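As structure tokens, the structure follows; a few thoughts come after it.
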Amino acid sequence: MRCPFCKELEDKVVDSRMSEDGSAIRRRRECLSCGRRFTTVEVVKELRLRVVKKDGSREPFERGKIMEGLIAACYKRPVAVEKLEAITAQVERQVLQKFDREVESRYIGELAMRRLREVDNVAYVRFASVYRAFNDAGEFFDALKPLLESSDPDEPTSDEGDGKGTGVIIPGDSKNEGREGTQ
Ligand SMILES: [Zn+2]
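First residue of the sequence shown: 0, per numbering that gives the first Met the number 0; consecutive thereafter.
Next up, the structure:
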């Protein structure tokens with residue numbers, strides 16, 4: 000390890016200790032050239048799980064994207080953000096337990112959907128329709144956002160209260176419009 004003071008490469012380890020949770024080892028080193036001491040930290044380099052999107056492209060797994068999708072789906076719904084955080088944590092845990100290299104975005108979406116269904120049916124329908132179309136929470140969020148923002152927050156929508164309607168028109172999925180009561 001290059002000495003941060005004199006830039007020489009030779010040193011000896013004078014002390015090693017593990018962090019409390021065992022996730023890192025700190026080594027106290029002494030430069031053989033100038034005699035000054037410095038510390039290095041050794042940690043496990045995490046293998047980053049990658050998400051395979053519908054088009055076959057890959058991107059790093061990010062829990063933030065799940066959360067964004069859930070928040071968008073729960074817009075104006077009586078769902079506490081803690082609930083969404085809990086769902087996100089459960090989905091993340093399940094995904095990381097089962098996969099260590101790659102996971103299909105569809106799988107993540109289905110997990111989140113299932114959890115959301117137990118919490119709020121309207122949010123579930125929103126999430127399910129849009130997620131299945133876009134197959135990516137990030138794209139889903141981007142697509143849903145303008146729709147949600149353009150709706151007048153003070154204007155009660157006709158389907159509010161019965162818990163059946165989505166309150167959102169899904170682009171490119173016109174068969175869903177006016178389907179209330181048909182299921
Ligand atoms: Zn040195």
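Think of the CB as a built atom: it goes at the ideal place given N, C-alpha and C, for glycine as much as any other residue. Small disclaimer: the values here were computed from a predicted structure and weren't measured.
- In this model, D14 and T38 are separated by some 9 Å (Cα to Cα).
- Residue range 10-17 is occupied by the beta strand (DSSP E) that includes K11.
- Taking C-beta separations shorter than 8 Å and ignoring five residues to either side along the sequence, the partners of F4 in its chain run C30, C33, R35, F37, following chain order.
- Under the three-state reduction of DSSP, A23 is assigned to strand.
- Nearest in C-alpha terms to C2, of all of R62, G55, R27, is R27.
- The three-state reading of DSSP puts F126 in helix, counting H, G and I together.
- Within the same chain, L83, E84, T87 come within 8 Å of M66 by CB-CB distance, once the 5 residues on both sides are set aside.
- At a cut-off of 3 residues, the continuous stretches assigned as beta strand (DSSP E) that sit fully inside the stretch 62-105 are 101-103.
- The beta carbons of V50 and I107 sit about 7 Å from each other, so the pair counts as a contact at 8 Å.
- Straight through space, the alpha carbons of L95 and V121 are spaced by roughly 28 Å.
- Annotated three-state conformation of E7 is coil, per DSSP.
- Membership of F37 in the beta strand (DSSP E) is indicated by the continuous run 36-42.
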